[in-house]
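Novice: Take a look at this one; I'll ask things after.
Chains as they are written, first to last, in this note's numbering: chain L, 16 to 210; chain G, 13 to 198.
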């Protein structure tokens, strides 16, 4: 029944449109619009246009809404924290001494952890290249970042090496028994929360 | 005599009230619904609106009624609008881009020629023959947002309430047809 009334309604609209002078063959309109320069089209619009006259003003209700919005607005540093992490400070470099000063590492603890990681890489690579992401991967994102940070130390000290394959995006690493000599190269690697 | 002057004073008060109600923006869209006018002015609100429309004609304005979906007076929207269209230089100085208006004029003409509803993609294809893609997308979105066009959940475009309120569609269609003939002759 509902569908039937809808059909009748549409037929009614169609008849009204046909009967009104608004109905013009679509092909004719397409042709006419193509022929007309843009200036003439806009002129035709302006000559049939009666803009609405209206006063925009701030009402007490609008003022109250604005106040409530402003009062409840979270500071910008907190606003997008859920989606994008903190915006409180810009991305920057945290060096080893800063981590020590923050109490995240003590010097001894850091040296021990570094030696342990070197041992682990030596065992796992055993003279072969191992997948970098497999190696740094850990249970939590925090420990993954920590392992990547420490591996970067081993690499810059020449106690490990890194190889990248630009075509496949694969990154390989290998522990070195002796410190490598030569020119150091910087490689930027992004660490994500994904496994 | 006294009754007559009291009636006149009451009418004047109601006309003033009608003007204030119409000129102050309430919701997001301009204009006031019939039922709301009835609440402010009483049952005879249409007569008061007629008087107001006459009064504001000296200022180049008029009260215009846009019929609602069900065609009743209560669902109608009443607006204060320019009695005569602005001149081209007036329209240009108000910051409106000629290209944007041309897109709107072409879209309205095309939609009307298709019995008032047509798929957005079809409108886009039609407009892209004349205007750059970015302008078509940008202008259509803008005019949907401003109420000149309406887009339903099936991506069908209709003529919006604002076009019904502000544009004399018959004049627009006639002008497009006649100007195209002039352009073809040149």
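Positions of the beta carbon are idealized from the N, C-alpha and C atoms, including for glycine.
Because the structure is a prediction, the values reported are computed rather than measured.
For residue 105 of chain G, go through chain L and note every residue whose CB falls closer than 7 Å to its CB, in chain order.
Specialist: What you label residue 105 of chain G is simply residue 93 of the second chain in a count that begins at 1. Near residue 105 of chain G there are no residues of chain L at all, since even the closest Cβ is about 12 Å away, more than 7 Å.
Novice: Taking the CB atoms as reference points, tell me whether residue 191 of chain L and residue 174 of chain L lie closer together than 7 Å.
Specialist: As a working mapping, residue 191 of chain L is identified with position 176 in the first chain. As a working mapping, residue 174 of chain L is identified with position 159 in the first chain. A contact, by the Cβ cut-off of 7 Å.
Novice: Between the alpha carbons of residue 157 of chain L and residue 175 of chain G, how many angstroms are there, rounded?
Specialist: Here residue 157 of chain L refers to the residue found at position 142 when the first chain is read from its first residue. Here residue 175 of chain G refers to the residue found at position 163 when the second chain is read from its first residue. Computed Cα separation, rounded: 58 Å.
Novice: Take residue 98 of chain G and list the residues in its own chain whose beta-carbon comes closer than 7 Å to its own, dropping the five residues that flank it on each side.
Specialist: As a position in the second chain, residue 98 of chain G is number 86, starting the count at 1. No residues qualify anywhere along the chain.
Novice: At 9 Å on the CB atoms, spell out the chain L contacts of residue 94 of chain G, in chain order.
Specialist: What you label residue 94 of chain G is simply residue 82 of the second chain in a count that begins at 1. By Cβ distance, chain L contributes 64, 65, 66, 67 and 68.
Novice: Could you check whether residue 165 of chain L and residue 114 of chain L sit closer than 7 Å to each other, using their CB atoms as the reference points?
Specialist: Here residue 114 of chain L refers to the residue found at position 99 when the first chain is read from its first residue. Here residue 165 of chain L refers to the residue found at position 150 when the first chain is read from its first residue. Not closer than 7 Å, so no.
Novice: Please identify the residue among G:93, G:70, G:109 and G:126 whose C-alpha is closest to the C-alpha of residue 35 of chain G.
Specialist: The residue you call residue 35 of chain G lines up with position 23 of the second chain. Cα-wise, what sits closest to residue 35 of chain G is G:93.
Novice: To the nearest angstrom, report how far apart residue 206 of chain L and residue 152 of chain L are at their CA atoms.
Specialist: What you label residue 206 of chain L is simply residue 191 of the first chain in a count that begins at 1. What you label residue 152 of chain L is simply residue 137 of the first chain in a count that begins at 1. Distance between the alpha carbons of residue 206 of chain L and residue 152 of chain L is about 10 Å.
Novice: Could you check whether residue 53 of chain G and residue 26 of chain G sit closer than 7 Å to each other, using their CB atoms as the reference points?
Specialist: In the second chain, counting from the first residue as 1, residue 26 of chain G sits at position 14. In the second chain, counting from the first residue as 1, residue 53 of chain G sits at position 41. Contact annotation: residue 26 of chain G and residue 53 of chain G have beta-carbon atoms nearer than 7 Å.
Novice: Find the nearest neighbour of residue 30 of chain G within the set G:58, G:171 and G:108, judged by alpha-carbon distance.
Specialist: Translated into the one-based positions of the second chain, residue 30 of chain G becomes position 18. By alpha-carbon distance to residue 30 of chain G, the top candidate from G:58, G:171 and G:108 is G:58.
Novice: Looking at C-beta atoms only, is the number of pairs between the segment 102-112 of chain G and the segment 171-186 of chain G that lie closer than 8 Å three or more?
Specialist: no
Novice: DSSP state of residue 178 of chain G, grouped into three classes?
Specialist: Here residue 178 of chain G refers to the residue found at position 166 when the second chain is read from its first residue. Three-state result, residue 178 of chain G: helix.
Novice: So residue 66 of chain G is in the alpha helix (DSSP H); what residue range does that whole segment cover?
Specialist: One-based indexing of the second chain puts residue 66 of chain G at position 54. Counting along the chain, the alpha helix (DSSP H) containing residue 66 of chain G begins and ends at 57-68.
Novice: Would you say residue 117 of chain G faces chain L, with C-beta separation under 7 Å as the test?
Specialist: For this step, residue 117 of chain G is matched to residue 105 along the second chain. With 7 Å as the cut-off, residue 117 of chain G counts as an interface residue toward chain L.
Novice: Go to residue 163 of chain G, then tell me how far its alpha helix (DSSP H) extends in each direction, as first and last residue.
Specialist: Indexing the second chain from 1 puts residue 163 of chain G at position 151. Here residue 163 of chain G belongs to no alpha helix (DSSP H); instead the beta strand (DSSP E) covers 161-163.
Novice: According to the neighbour-count rule (16 or more other Cβ atoms, all chains shown, within 10 Å of its Cβ), is residue 75 of chain L buried or exposed?
Specialist: Reading the first chain from its first residue, position 60 is the one you call residue 75 of chain L. It is exposed - the Cβ of residue 75 of chain L has fewer than 16 other Cβ atoms within 10 Å.
Novice: How many whole angstroms separate the CB atoms of residue 116 of chain G and residue 60 of chain L, which I take to be in contact at a CB cut-off of 8 Å?
Specialist: To locate residue 116 of chain G, count along the second chain from 1; it is residue 104. To locate residue 60 of chain L, count along the first chain from 1; it is residue 45. With a Cβ gap of about 6 Å, residue 116 of chain G and residue 60 of chain L count as contacting.
Novice: Using a Cβ-Cβ cut-off of 7 Å, state whether residue 23 of chain L counts as contacting chain G.
Specialist: Position 8 of the first chain holds residue 23 of chain L. No, no contact with chain G.
Novice: If the cut-off is 8 Å on Cβ atoms, which residues from the segment 170-190 of chain G count as contacting chain L, listed in chain order?
Specialist: In summary, the residues of the segment 170-190 of chain G whose CB is separated from some CB of chain L by less than 8 Å are 174, 177, 178, 179, 180, 181, 182, 183, 184, 185, 186, 187, 188 and 189, in the order they occur in the chain.
Novice: Could you tell me whether the Cβ of residue 123 of chain G comes closer than 7 Å to any Cβ of chain L?
Specialist: Residue mapping note: residue 123 of chain G aligns to position 111 of the second chain, counting from 1. So, not an interface residue.
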